[in-house]
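Visitor:
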Ligand SMILES: *Cc1c(COP(=O)(O)O)cnc(C)c1O
């Protein structure tokens, strides 16, 4: 008889992008406690310039040189981050006129800025034409608005068609293409959109496909990119002018939860190289773009909150912090998670401590949803210690309900 092999408990991927000295987590060379003093308060978010730079360099070395790298700034729209990223990547993707303003202020080249998103309002479309950025058209309704703005401003509207493909990105945390979707134009309707673009004399540049987000499976990403390329090739036959821009999306994920591993970039690089080679023959004028948000900034950021109380309730230790879901909705599990799991969490002034215990970290809000760590193995912590939530550089600050319960606001810094 076979004895069942005990399955190992899944653990978090090591947060090896950060180092520590004398128990203090280091961010951009600063000891965490010193950085907290510089910031002047907790809670705060800190983003490491070194890690942002290293991530872009790592991608550049894994991907073919001709692939353009865009930063989807909704992942982290802090102007200082957008400015830093604008100097490192080839373009910025915006999802509103508000983001467009930040991108332009950050010094992004309008030629390499694109605007995607459902429900673009008429003034937003007009602003895009005036700015000379590329609009990823997602609805027939946008076309006459763009044509009118073009006429009025005497500037050609630069357009690409965002396609809602007839396939899904397997293994994605969030699917944003395939089936009925509010994003993009269904494949079947694209020829009509192309005909309108030609008739109205809009400047057609190409196609945008974005299948989904937070994918940790390289083979699924490769498959989506392959299928996206094939689809663009088919649709290009209906275009009246050559394709100059082909955005194959992104969706690269980062490990958040126990058992998740970092994405293997090597097969994605090889796949994109094969696509680029084909494109040279089949779509010779097309620049290939991938757009990444989370993957570029997510691992470079931490959320830091101080322990204000330590309670034991019926044997369970609760570390109560001065910030929680009001600043970091994602880490509480209430932003797109179906089953709540713990983000990687640490005690930033007791890194590597041998004395450990099982504890829950909760924020100060009067709701049981305000949970940053549910019964985790952590260094034994005291009032005044600094709880660090890793993997917090994307969809942290800007996607949280700051006003909920009227607690003090967070600060964000680059370090
Ligand atoms: C949100 C979004 C992105 C960024 O997604 P990440 O998962 O953060 O990389 C890219 N493109 C479009 C169109 C998006 O809506």
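Residue numbers (our numbering): 7 to 421.
Virtual Cβ for every residue (Gly too), placed ideally from N, Cα, C.
1. Per DSSP, which residues does residue 249 bridge with? Please list them.
2. Measuring alpha carbon to alpha carbon, tell me which residue in 297, 102 and 313 is nearest residue 124.
3. From the DSSP secondary-structure annotation, give me the bridge partner or partners of residue 264.
4. Using only CA atoms, which one of 10, 9, 12 and 16 lies nearest to residue 266?
5. Residues in its own chain within less than 7 Å of residue 242 by CB, not counting five upstream and five downstream?
6. Which residues are close to ligand 1, meaning CB closer than 5 Å to any heavy atom, in chain order?
7. Nearest by alpha-carbon distance to residue 332: which of 406, 69 and 294 is it?
8. Which full runs of the beta strand (DSSP E) of 3+ residues lie inside the stretch 357-411, going along the chain?
9. For residue 40, is the classification buried or exposed, using 16 other Cβ atoms within 10 angstroms of its Cβ as the cut-off for buried?
10. Am I right that residue 408 and residue 419 are in contact with their C-beta atoms under 8 Å? What's the rounded C-beta distance?
11. Please classify residue 389 as buried or exposed, where buried requires at least 16 neighbouring CB atoms within 10 angstroms.
12. Confirm, please, whether the CB-CB distance from residue 113 to residue 92 is below 9 Å.
13. Where does residue 148 land, buried or exposed, given buried means 16+ other C-beta within 10 angstroms?
14. If you count every other CB in all the chains shown that lies within 10 Å of the CB of residue 38, and 16 or more means buried, which is it?
15. Spatial neighbours of residue 73 within its chain, please: CB distance less than 8 Å, with the 5 preceding and 5 following residues excluded, ordered by chain position.
16. Is residue 417 close to ligand 2? I mean its beta-carbon at under 8 Å from any heavy atom of the ligand.
17. Leaving out five residues on either side along the sequence, give the residues of the same chain with a beta carbon under 7 Å from the beta carbon of residue 133.
18. Work out the CA separation of residue 285 and residue 400 for me, nearest whole Å.
19. Between residue 304 and residue 397, how many whole angstroms is the CB-CB distance? I'm expecting something under 8 Å.
20. Checking 9 Å against the spacing of the C-beta atoms, do residue 216 and residue 200 come in under that value?
21. Rounded C-beta distance between residue 368 and residue 394? I'm assuming under 8 Å.
22. How far does the beta strand (DSSP E) with residue 212 in it reach, from first residue to last?
23. Here's a check: name, in chain order, each residue in its chain whose Cβ is nearer than 7 Å to the Cβ of residue 231, leaving out the five neighbours to either side.
24. Going by DSSP, name the residue or residues bridged to residue 315.
25. Could you check how far apart the C-beta atoms of residue 237 and residue 312 are, in whole angstroms? I think they sit under 8 Å.
26. Would residue 337 and residue 54 be called neighbours here (beta carbons separated by less than 9 Å)?
27. Please report the Cβ distance between residue 121 and residue 135, rounded to the nearest whole angstrom; I am assuming they are in contact, meaning their Cβ atoms lie under 8 Å.
28. Looking only at DSSP bridge pairs, what is residue 168 linked to?
29. Would you call residue 183 buried or exposed, if buried means 16 or more other Cβ atoms sit within 10 Å of its Cβ?
30. Here's the rule: buried if 16 or more other CB atoms are within 10 angstroms of the residue's CB, otherwise exposed. What is residue 27?
31. For residue 34, which residues of its own chain have a beta-carbon under 7 Å away from its beta-carbon, when the five flanking residues on both sides are left out?
32. Can you list, in chain order, the residues of its chain with a C-beta nearer than 7 Å to that of residue 180? Leave out the 5 residues immediately preceding and following it.
33. Excluding the 5 residues preceding and the 5 following residue 204 in the sequence, name in chain order all residues of the same chain whose CB lies nearer than 6 Å to its CB.
34. Helix or strand or just coil, what does DSSP make of residue 122?
35. Roughly how many angstroms lie between the CA atoms of residue 386 and residue 224, to the nearest whole one?
36. Going by DSSP in three states, residue 346 sits in which element: helix, strand or coil?
Guide: Taking the definition as stated:
1. For the purposes of this step, residue 249 is identified with residue 243 of the chain shown, where counting begins at 1. As DSSP reads the structure, residue 249 sits in no beta bridge.
2. For the purposes of this step, residue 124 is taken as residue 118 along the chain shown, with counting starting at 1. Of the candidates 297, 102 and 313, the one whose C-alpha sits nearest the C-alpha of residue 124 is 102.
3. Reading the chain shown from its first residue, position 258 is the one you call residue 264. Paired residue(s): none; residue 264 is not in a bridge.
4. As a position in the chain shown, residue 266 is number 260, starting the count at 1. Of the listed residues, the one whose Cα sits closest to residue 266 is 16.
5. The count along the chain shown starts at 1 and reaches residue 242 at position 236. Once the five neighbours on either side are set aside, the close Cβ partners of residue 242 are 249 and 289.
6. 78, 81, 122, 216, 219, 256, 297, 298, 299 and 300
7. The residue labelled residue 332 in the question sits at position 326 within the chain shown. Among 406, 69 and 294, the Cα nearest to that of residue 332 belongs to 406.
8. 362-368, 377-385 and 392-395
9. Locating residue 40 in the chain shown gives position 34, where the first residue counts as 1. Residue 40 should be labelled exposed.
10. What you label residue 408 is simply residue 402 of the chain shown in a count that begins at 1. What you label residue 419 is simply residue 413 of the chain shown in a count that begins at 1. Going by Cβ atoms, the distance from residue 408 to residue 419 rounds to 17 Å, so no, they are not a contact pair.
11. Locating residue 389 in the chain shown gives position 383, counting from the first residue. Residue 389 is exposed by the Cβ-count criterion.
12. Indexing the chain shown from 1 puts residue 92 at position 86. Indexing the chain shown from 1 puts residue 113 at position 107. Contact annotation: residue 92 and residue 113 have beta-carbon atoms nearer than 9 Å.
13. Translated into positions along the chain shown, residue 148 becomes position 142. Counting Cβ neighbours within 10 Å, residue 148 comes out buried, since at least 16 surround it.
14. Taking the chain shown and counting its residues from 1, one reaches residue 38 at position 32. Residue 38 comes out buried.
15. In the chain shown, counting from the first residue as 1, residue 73 sits at position 67. Spatial neighbours of residue 73 in its own chain (CB-CB distance under 8 Å, excluding positions within 5 residues in sequence) are listed in chain order as 278, 282, 294, 295 and 296.
16. As presented, the structure is devoid of ligand 2, carrying ligand 1 as its sole ligands.
17. Here residue 133 corresponds to residue number 127 of the chain shown, with the count starting at 1. If we look at residue 133 and ignore the five residues flanking it on each side, its Cβ neighbours are 103 and 106.
18. Along the chain shown, one-based indexing puts residue 400 at 394. Along the chain shown, one-based indexing puts residue 285 at 279. The straight-line gap from Cα to Cα measures roughly 32 Å.
19. Within the chain shown, residue 304 is the residue found at index 298, counting from 1. Within the chain shown, residue 397 is the residue found at index 391, counting from 1. Confirmed, about 6 Å.
20. In the chain shown, residue 216 corresponds to position 210, counting from 1. In the chain shown, residue 200 corresponds to position 194, counting from 1. Between residue 216 and residue 200, the CB-CB gap reaches or exceeds 9 Å.
21. Within the chain shown, numbered from 1, the residue matching residue 368 stands at position 362. Within the chain shown, numbered from 1, the residue matching residue 394 stands at position 388. The Cβ separation is near 15 Å, so there is no contact.
22. Start at 1 with the first residue of the chain shown, and residue 212 comes out as number 206. Per DSSP, residue 212 belongs to the beta strand (DSSP E) from 209-214.
23. As a first step, residue 231 must be located in the chain shown, where it is residue number 225. Cβ within range, chain order: 254, 277, 278 and 281.
24. Locating residue 315 in the chain shown gives position 309, counting from the first residue. DSSP lists 326 as partners of residue 315.
25. As a working mapping, residue 237 is identified with position 231 in the chain shown. As a working mapping, residue 312 is identified with position 306 in the chain shown. Wrong, their Cβ atoms sit about 50 Å apart, outside the cutoff.
26. Within the chain shown, numbered from 1, the residue matching residue 337 stands at position 331. Within the chain shown, numbered from 1, the residue matching residue 54 stands at position 48. Taking 9 Å as the Cβ cut-off, residue 337 and residue 54 do not qualify as a contacting pair.
27. Here residue 121 corresponds to residue number 115 of the chain shown, with the count starting at 1. Here residue 135 corresponds to residue number 129 of the chain shown, with the count starting at 1. Contact flag wrong, Cβ pair sits at about 10 Å.
28. Position 162 of the chain shown, counting from 1, holds the residue named residue 168. Partner(s): 214.
29. Counting from one through the chain shown, the residue named residue 183 turns up at place 177. It is buried - the Cβ of residue 183 has at least 16 other Cβ atoms within 10 Å.
30. To locate residue 27, count along the chain shown from 1; it is residue 21. Per the 10 Å Cβ criterion, exposed.
31. Translated into the one-based positions of the chain shown, residue 34 becomes position 28. Answer for residue 34: 54, 55, 56 and 421, listed in chain order.
32. Within the chain shown, numbered from 1, the residue matching residue 180 stands at position 174. Counting only Cβ-Cβ distances below 7 Å, and skipping sequence neighbours, we find 218, 219, 220 and 342.
33. Against the chain shown, residue 204 aligns to sequence position 198. Hits under 6 Å: 246.
34. Position 116 of the chain shown holds residue 122. Three-state result, residue 122: coil.
35. Locating residue 386 in the chain shown gives position 380, counting from the first residue. Locating residue 224 in the chain shown gives position 218, counting from the first residue. Computed Cα separation, rounded: 37 Å.
36. Residue mapping note: residue 346 aligns to position 340 of the chain shown, counting from 1. Here residue 346 sits in coil by DSSP.
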